[in-house]
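Asker:
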Amino acid sequence: MKNNQDWAPTTAEYYHRLKQISPNYSLDNFKRNADNILVNKKSLAVEDTLDSYTINFDKSRHGHHVARSLATERANNDTSSAEAQKALAERETNGCYDLDLSYNVEKNEIDIKDAVLYQYSFKNDALKKPAFIYFHGGNFYGNTPDNTENFGKKLAELMQGEVFNVDYPRTPEADVDSLTSAAWHAVEYVVKHAEELHVDPSRIFVTGDSAGGNIAAVMSNFDIQKGTGYIKGQVLIYPMLDIETVPNKQKLPSMDEFATKLIEDMDDENIESLTTLKVIYPAKHQMSDAIISPINTSEAELTKVPRTMVVAAEYDCLTPQGYTYATNVAKTHDDVDYIWYAGMMHGFVTRMGIIPQAEDLAREMALWAKR
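Each residue of the sequence shown is one higher than the one before, counting from 1 in full-length UniProt numbering.
1. Give the range of the alpha helix (DSSP H) segment to which L18 is assigned.
2. I'd like the list of long-range same chain contacts for V39, defined as Cβ closer than 6 angstroms, with 5 residues on each side in sequence excluded.
3. Need the endpoints of the alpha helix (DSSP H) that W7 sits in, please.
4. Alpha carbon to alpha carbon, what distance is there between E90 and E269?
5. Could you tell me the distance, in whole angstroms, from the CA atom of D316 to the CA atom of A75?
6. Among the candidates K331, L302 and L70, whose CA atom is the shortest distance from the CA of E109?
7. Along the chain, where does the beta strand (DSSP E) containing N40 start, and where does it finish?
8. Reducing DSSP to helix, strand and coil, say where P169 ends up.
9. Name, in chain order, the residues that DSSP records as bridge partners for M309.
10. So Q119 is in the beta strand (DSSP E); what residue range does that whole segment cover?
11. Between which residues of its own chain and V349 is the CB-CB distance below 7 angstroms, once the five residues before and five after are set aside?
12. My output table needs one value for F30: the three-state DSSP class, helix, strand or coil.
13. Within 10 Å of its beta-carbon, does S102 have 16 or more other beta-carbons around it, so buried, or fewer, so exposed?
14. What alpha helix (DSSP H) runs, 4 residues minimum, are completely inside the stretch 189–242?
15. Determine, using beta carbons only, whether E160 and F122 come nearer to each other than 8 angstroms.
16. Per DSSP, which one or two residues make a beta bridge with E106?
17. If you draw a straight line from the C-alpha of H333 to the C-alpha of K59, how long is it?
18. Whole beta strand (DSSP E) runs in the stretch 126–190 with 3 or more residues, listed along the chain?
19. Would you call H136 buried or exposed, if buried means 16 or more other Cβ atoms sit within 10 Å of its Cβ?
20. Is the separation between the beta-carbon of G322 and that of V310 shorter than 8 angstroms?
21. Which two residues bound the contiguous alpha helix (DSSP H) that contains D267?
22. Got a sec, what are the start and stop residues for the alpha helix (DSSP H) Y53 sits in?
23. Three-state secondary structure (DSSP) at A362?
24. For residue 379, which three-state DSSP category applies?
25. Are the beta-carbon atoms belonging to A342 and S43 less than 8 angstroms from one another?
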């Protein structure tokens, strides 16, 4: 659903831009660099500035899109602290509308008590389809699966498979232990019910954007620690992997004043969230523990992580974290993919049908899942 007051490109403009981003989808577009990472840099004609579609959309935005989280409503941690109240207030400012471009995809709800899975199924006769288990972003306290539903549905269509968008209990109502426990239960559910869900157990992947990328990486670590071997790959979309260290603000080139403010405000939000998370998220853990900051995954576990893709935006203070993680994995793996989007800032996958890079990424992920 789209707020009719918000800007969107015409259909012709949208698909022309999509073609510019990726004239073709070939493995030859990934070039191995000195860090043993297969890198695909997606550029546009105009360099050193924020993408014009992002600017147009944000100039026209009216209000926010805040949906319910059933899993969060069932969590019961104390939320009376000042930092908890701050997180709850910020939650109400999250989200925006985007467009559903999917075809032949149906939605089902699966309630497993501490989490709810929204299943997007491409309708075909295949009994065993590839599947992504998706964890939404929002600094662990904001957003819901609704914010990434249109991305997930398009991914299911392009992959001709299944996407399970997980409603997990957010902080401050939940801490890291209860949040990641619920996320793991979602993974277990998909694996143990693979036959009835028409999922191929040999092609079950985890993914997520921002904080959801963190959760996806933690799920891969859990899989290693438990020796279960459920997860066959992970796609981390502009992931928040280091919650202990305050990221550096970006040094931006000269650009439109509105664009500069957009980027700086997003950086400030991600940086300021760390102060809040240190109070409401860690439970008995240290912020440096890999369950909170998976950038600190041990060398022994890094040798066992599944096939990995990391996605980055040019104007994002979290981009160095994602690249560092990719570099760490690539020390012992030759199958680490890295896609970098020029002109993009943090959060672009929540703008399906408006920012063509979101669909482009869905196309890349669908191809990656089929390899």
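Yeah, the Cβ is synthetic: ideal placement off N, Cα and C, and Gly gets one too.
Keep in mind it's a predicted model, so treat the numbers as computed, not measured.
Answerer: Walking through what the data contain:
1. T11 to I21
2. K31, N33 and Y338
3. Looking at the DSSP string, W7 is not in any alpha helix (DSSP H), and its letter there is neither H nor E.
4. Approximately 9 angstroms, taken between the alpha carbons.
5. Distance between the alpha carbons of D316 and A75: 31 angstroms.
6. L70
7. L38 to K42
8. Correct three-state label for P169: coil.
9. V235 and D337
10. Unbroken beta strand (DSSP E) run through Q119: V116 to F122.
11. T148, F151, D209, I237, A358 and L361
12. Coil.
13. buried
14. As far as the stretch 189–242 is concerned, its whole alpha helix (DSSP H) runs of at least 4 residues are 194–197 and 211–226.
15. A small correction: the amino acid at residue 160 is Gln; Glu does not occupy that position in the sequence shown. Contact flag set, yes.
16. Answer by DSSP bridge pairing, in chain order: S121.
17. 43 angstroms
18. Fully contained in the stretch 126–190 are the following beta strand (DSSP E) runs of length 3 or more, in chain order: 129–135 and 162–167.
19. buried
20. Contact flag set, yes.
21. E257 to I280
22. Element bounds for Y53: S52 to S60.
23. helix
24. What is shown of the chain runs 1 to 371, which leaves residue 379 out entirely.
25. Against a cut-off of 8 angstroms, the Cβ pair of S43 and A342 comes out as a contact.
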